[in-house]
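In the numbering used here, the protein residues as written are 591 to 918. A short write-up of the structure that comes next.
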Ligand code: DGY
């Protein structure tokens, strides 16, 4: 007897609890190799499958949404959807959902870790010890800078930006300034930033004042290379940049030059302009901490993200409004 349930392709390996839940309700195909689909494979999937559970490594370009597309829902595993040509999806009648809320705290934790790792030179320290070069404690060895009493400038004051603000204020005693292009809508007061956080009028004003700049805005045409050579030059030589949002918000070559020339003191990155490729010279620099896009990477959160994608699939099949419909 043939399976009449909706067809789903899951483009990357997911936590087993999520794969089991999907398999119990859908006619599902899983990616056992866990290698990102090629454009040709994705074209084929879009032409043959009702729902695609995709993620950030799937570059779903406009030309893939041709007249033969069968897919009606891209249930994205993750918040950011900049890897999907949203205009082309809309024209092709394909809905997109994402997985907000569930990854806020874990992603904020990684931003906080990067603030500490860069300011306290932890990456350098670990490499130093592992190399066998450590000769023992000495008063001036690997001196970093203290975050306490310093100013953290947050660009993008959504859920994650505000969580970083709360944590950095409470745990590290940082003063918060932020830039948000529109009014910040807060439905739940427990997700607000610290009461004395100060809104600044422009990105330029923020980068000129902050001891640490942390990025929490989406990748859009407006935010592409928001941090460029000009803005890096406005930052102080004792300041740091942290990026847990999307790589292309920073001009990676300009950042590399700025770190090399000590125009800024350091950077902590979890995302890259050409992931998984990272500018070779950047990898050679001591004053940068480089993590492999692991902001939401806990078993709890990755499972919750999968279940959230599944809830959107279920709503779609039931003909209900998607709880996390990406409006565009
Ligand atoms: C997100 O949710 O945007 C994460 O970076 C994974 O895509």
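We put the CB at the ideal spot given by N, CA and C, even for glycine.
Let's test the definition: count the other Cβ atoms within 10 Å of the Cβ of residue 740 and tell me whether it reaches 16, buried, or not, exposed.
Buried: at least 16 other Cβ atoms inside 10 Å.
Would you call residue 777 buried or exposed, if buried means 16 or more other Cβ atoms sit within 10 Å of its Cβ?
By the neighbour-count rule (16 or more Cβ atoms within 10 Å), residue 777 is not buried but exposed.
How do the region 761-780 and the region 735-751 stand: do at least 3 beta-carbon pairs fall below 8 Å, yes or no?
Yes, since at least three Cβ pairs between the region 761-780 and the region 735-751 fall closer than 8 Å, the two stretches touch.
Return yes when the Cβ of residue 704 is within less than 9 Å of the Cβ of residue 893, no when it is not.
Result no, Cβ atoms of residue 893 and residue 704 do not sit closer than 9 Å.
Just the residues with CB closer than 5 Å to a heavy atom of ligand 1, in chain order, which are they?
Taking each Cβ in turn, the ones that pass are 646, 668, 669, 670.
Only counting the same chain, and skipping five residues up and downstream in sequence, which positions put a Cβ closer than 6 Å to that of residue 769?
Within the same chain, residue 769 has close Cβ partners 745, 790, 793, 796.
Quick check on this structure: which residue in 654, 728, 640 has the alpha carbon closest to the alpha carbon of residue 594?
Nearest of 654, 728, 640 to residue 594, Cα basis: 640.
Within the same chain, show all residues whose beta-carbon is closer than 8 Å to that of residue 799, passing over the 5 residues directly before and after it, in chain order.
Cβ neighbours of residue 799 beyond the five flanking positions: 741, 743, 767, 790.
Could you check what DSSP says for residue 666 in three-state terms: helix, strand or coil?
Three-state result, residue 666: strand.
If you reduce the DSSP assignment to three classes, tell me which class residue 856 lands in.
Correct three-state label for residue 856: strand.
Skipping 5 residues on each side, what residues in its chain have a beta carbon closer than 6 Å to that of residue 880?
Excluding sequence neighbours, residue 880 sits near 859.
Rank 822, 701, 813 by C-alpha distance to the C-alpha of residue 762 and give the top, closest one.
For the residues 822, 701, 813, the minimum Cα distance to residue 762 belongs to 701.
Should the region 862-871 be called in touch with the region 837-850, which here means at least 3 C-beta pairs below 8 Å?
Yes: the two stretches touch, three or more of their Cβ pairs being nearer than 8 Å.
Distance check for residue 632 and residue 621, CA to CA, integer angstroms please.
Answer to the nearest angstrom: the Cα atoms are 12 Å apart.
Whole-angstrom Cβ separation of residue 687 and residue 914, contact assumed at under 8 Å?
Between residue 914 and residue 687 the Cβ distance is about 5 Å, and since that is below 8 Å, they are a contact.
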